[in-house]
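What follows is a single structure, written as structure tokens, with notes after it.
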Amino acid sequence: MHDFKTDAILLRRIEYGDHDFIITFMTRDKGKITVMAKNAKKSVKRFSGSLDLFSFNHIQCRMPKKNKDALLTLVQSDLENGFANIRYDVYKTAYASYWTEMVNLWLEEGKAQPDVYDLLLFSFDMLNRSDMPKEVLSLLFQIRFMSISGFSPTIERCGICQVHLDDISEKMLRFDFREGKIVCPKCRVNGVRSGLDVSKGTLKQLFWMNNTHVEKADRIRFSSMAVKEGQILLESFIAFHMAREFKTLTFLKRLRNDAWT
Numbered sequence: 015m016h017d018f019k020t021d022a023i024l025l026r027r028i029e030y031g032d033h034d035f036i037i038t039f040m041t042r043d044k045g046k047i048t049v050m051a052k053n054a055k056k057s058v059k060r061f062s063g064s065l066d067l068f069s070f071n072h073i074q075c076r077m078p079k080k081n082k083d084a085l086l087t088l089v090q091s092d093l094e095n096g097f098a099n100i101r102y103d104v105y106k107t108a109y110a111s112y113w114t115e116m117v118n119l120w121l122e123e124g125k126a127q128p129d130v131y132d133l134l135l136f137s138f139d140m141l142n143r144s145d146m147p148k149e150v151l152s153l154l155f156q157i158r159f160m161s162i163s164g165f166s167p168t169i170e171r172c173g174i175c176q177v178h179l180d181d182i183s184e185k186m187l188r189f190d191f192r193e194g195k196i197v198c199p200k201c202r203v204n205g206v207r208s209g210l211d212v213s214k215g216t217l218k219q220l221f222w223m224n225n226t227h228v229e230k231a232d233r234i235r236f237s238s239m240a241v242k243e244g245q246i247l248l249e250s251f252i253a254f255h256m257a258r259e260f261k262t263l264t265f266l267k268r269l270r271n272d273a274w275t
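Count along the sequence shown from 1, add 14, and you get the number used in our numbering.
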């Protein structure tokens with residue numbers, strides 16, 4: 015039987031029977047993998063403290079011996095970082111859950127996506143240490159995730175006439191969800207469906223956030239209005255293009271609405 019070891023982020027855990035878990039990990043070199051953790055509820059030695067959501071672990075897995083379609087077996091999992099501050103805070107948990115649901119739905123089994131892996135691990139670390147406001151960190155994660163995934167929106171220039179944002183005098187522009195681009199007022203005469211109005215200042219901040227080095231992203235300062243605009247734009251655009259309603263996002267929005275009222 016062939017074993018392999020790798021670092022992994024725990025994305026999802028499902029109870030299976032009385033003692034087992036089916037766990038989805040994201041790894042840097044093997045992409046998303048689904049494993050069976052046998053007797054995980056009872057085995058303190060092999061899995062103690064390492065099978066919580068969002069945890070970063072060093073895992074050892076075993077390939078199926080006979081049935082190639084069977085799940086991998088999780089032999090051992092050693093905790094590298096449990097990101098406990100995330101799980102002890104309901105707001106942080108809500109944001110981390112949204113990111114993991116997004117990643118889990120987008121990833122293909124067994125296809126390595128090292129840039130997404132690095133982004134998720136970086137975001138968990140920043141969220142755990144509170145190095146950035148969680149709302150701004152979520153904007154960073156989403157805009158970077160879209161860029162890596164290949165459906166990054168065009169927000170630096172009009173998607174029709176190609177006039178740069180800096181050369182547009184109006185303060186509000188229309189973002190077209192279907193086309194994934196902004197439309198200046200002059201080009202908007204034909205109408206834009208499935209969109210919303212966004213301020214030029216918010217678009218410029220999101221563009222800077224997506225194109226500067228990730229380690230410098232905490233330098234940008236968003237106003238509360240820019241955060242709200244950014245949330246509506248990115249969360250709506252991702253849901254539109256992935257054609258999914260995220261359960262975790264529904265819960266996150268409920269938390270935010272309760273905080274604002």
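The beta carbon of each residue, even a glycine, is placed where N, CA and C say it ideally should be. The model shown is predicted, which means the values in this text are computed figures rather than measured ones.
For residue i: DSSP bridge partner residues
i	result
V197	R188
I73	T20, S91
H178	R171
I36	I28, M50
D211	R188
T41	A22, G45
Proximity winner among the options, relative to residue i (alpha-carbon distances)
i	options	result
N71	I47, G31, G96, A51	G96
L133	D32, M160, R202, R192	M160
I169	G194, G209, S69	G194
S144	Y105, Q127, Y112	Y105
S238	P147, K185, F68	P147
L119	S163, N142, L135	S163
L141	F165, Y131, A98, D180	A98
R26	F165, K267, T48	T48
F165	R76, R192, V228, Y131	R192
K267	R258, Q245, A257	Q245
Contact check, residue i vs residue j, beta carbons under 9 Å
i	j	result
R171	N224	no
L220	L187	no
L34	K52	Correcting the residue identity first, residue 34 is Asp in this sequence and not Leu. Yes, they are a contact pair.
T38	A126	no
I36	L85	yes
T87	M50	yes
V197	G173	yes
F68	I23	yes
Cα-Cα separation, residue i to residue j
i	j	result
R66	R101	First, the residue type needs correcting, since residue 66 is Asp and not Arg in the sequence shown. Near 9 Å, if we compare the C-alpha coordinates of R101 and D66.
F138	T107	10 Å
F189	H255	14 Å
K230	F236	14 Å
I182	K242	22 Å
W113	F155	8 Å
L151	D32	38 Å
E94	G63	10 Å
L179	S213	11 Å
Q74	P128	19 Å
V177	P167	16 Å
D103	D272	16 Å
K200	G124	46 Å
Three-state class that DSSP yields for residue i in the structure shown
i	result
S57	coil
E122	coil
G244	helix
L269	helix
L86	strand
I252	helix
F159	helix
R143	helix
Y102	coil
R202	helix
K261	helix
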